[in-house]
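Shown next, in structure tokens, is the structure this report addresses.
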Amino acid sequence: MTERQKFDLVKKIPKTKVEIRRYHSCVMADVLVEAPYEQAGSLGFRPLVTYISQNNIAMTAPVLQESSDSRSWIVSFVMPAEMTMKDLPNPRNSKVALRTIPEQLSAALPFSGMTTTSKIQEKEAELREALAKEKLTPVGSLRIARFDPPWKPGFMRYNEVILDIKD
């Protein structure tokens with residue numbers, strides 16, 4: 010089974026599917042892509058999969074996508090949990106950057122189906138509403154987490170929208 014990004018479940022928000030999680034520190038490989046949301050995922054995926062393939066690094070889940078600004082997206086692979094920056098070779102492709110992410114308190118809302126712009130907006134609003142009712146303050150950009158390969162039928166796909174929250 011594909012390794013998933015590590016976290017501890019802090020709590021579930023009642024009457025919602027929202028989970029408050031404490032994500033473990035990890036290393037991510039990122040690619041900054043200047044393209045619309047719908048295209049950025051596949052454009053960023055290619056250099057990342059080349060990096061892990063060339064270096065015999067296991068694929069993990071999810072593939073993350075986060076807005077960098079109004080025209081750019083950061084597409085990220087989480088490196089296997091046992092790997093640190095010292096363990097990872099420098100990327101040959103200058104578009105791929107490695108970074109260490111500190112432990113972070115976050116809220117995640119799972120959903121199935123395709124990750125269309127309208128679906129993401131709907132789920133982001135649902136997540137923000139649940140956080141507001143709990144008096145939890147989101148910080149930073151929304152992350153879209155995709156767990157399944159592109160050939161899996163849309164109705165069978167598992168995804169999440171994630172917002173970091175004040176600790």
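Numbering of the sequence shown is given in my numbering, commencing with residue 10 and proceeding in unit increments.
By construction, the Cβ of each residue, glycine as well, lies at the ideal position given by its N, Cα and C atoms.
_Within a Cβ cutoff of 8 Å, which residues of the same chain sit near P184, ignoring the five residues on either side of it in sequence?_
Residue 184 lies beyond the range of the chain shown here (10 to 176); nothing can be said about it.
*From E28 to T146, what does the alpha carbon distance come to, in whole angstroms?*
The C-alpha of E28 lies about 14 Å from the C-alpha of T146.
*Name the DSSP bridge partner or partners of S76?*
Per DSSP, the beta bridge partners of S76 are W82.
*Where does Q48 sit, in a helix, a strand or coil, going by DSSP?*
Residue state, collapsed to three classes: helix.
_Using the three-state DSSP reduction, which class does Q130 fall into: helix, strand or coil?_
It is helical.
*Taking the C-alpha atoms as reference points, what is the distance between S62 and R55?*
Their Cα atoms are separated by approximately 11 Å.
*Measure the Cβ-Cβ separation of L136 and R31 and say whether it is below 9 Å.*
Taking 9 Å as the Cβ cut-off, L136 and R31 do not qualify as a contacting pair.
*Quick one, which of V87, N102, N64 has its alpha-carbon nearest F16's?*
Of the candidates V87, N102, N64, the one whose C-alpha sits nearest the C-alpha of F16 is V87.
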